[in-house]
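For the working numbering, count along the sequence shown from 1 and bump the result up by 1.
A quick write-up on the structure given underneath.
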Amino acid sequence: ATQLAASAEFFSFGTNDLTQAAFSFSREDAENKFLPMYNDFGILQDNPFEVLDVQGVGQLIDMAVYRGREQRPDLKIGICGEQGGHPESIR
Numbered sequence: 002a003t004q005l006a007a008s009a010e011f012f013s014f015g016t017n018d019l020t021q022a023a024f025s026f027s028r029e030d031a032e033n034k035f036l037p038m039y040n041d042f043g044i045l046q047d048n049p050f051e052v053l054d055v056q057g058v059g060q061l062i063d064m065a066v067y068r069g070r071e072q073r074p075d076l077k078i079g080i081c082g083e084q085g086g087h088p089e090s091i092r
């Protein structure tokens, strides 16, 4: 992130893609196969494709923002994806 910020004016995080990469499963597979069971058993509190996983994916975003702004303090930050419209995800 530090090297990227040297030539970037902004970072935009695709939360759906980042969630898929962090959890190593696709949204379609998760929602159609095992995600309801993960929620029922308390493995996940919410659908991570609807509500940002703050402790996991959120920390990855936070680290990238921190390192990017070390290089460029005025770096603009944005997110795109369903989570960006959910109040719990943008607090």
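C-beta atoms are modelled at their ideal positions from N, C-alpha and C, and glycine is treated no differently.
Alpha-carbon spacing of Leu-76 relative to Gly-69, whole angstroms: 7 Å
Under the DSSP definition of a beta bridge, which residues are partnered with Lys-77? Phe-11
Within 10 Å of its beta-carbon, does Ser-90 have 16 or more other beta-carbons around it, so buried, or fewer, so exposed? buried
Separation of Val-66 from Ala-2, as counted between CA atoms: 8 Å
Can you name, in chain order, every residue of its own chain whose Cβ lies under 7 Å from the Cβ of Gly-59, other than the five neighbours on each side? Leu-53
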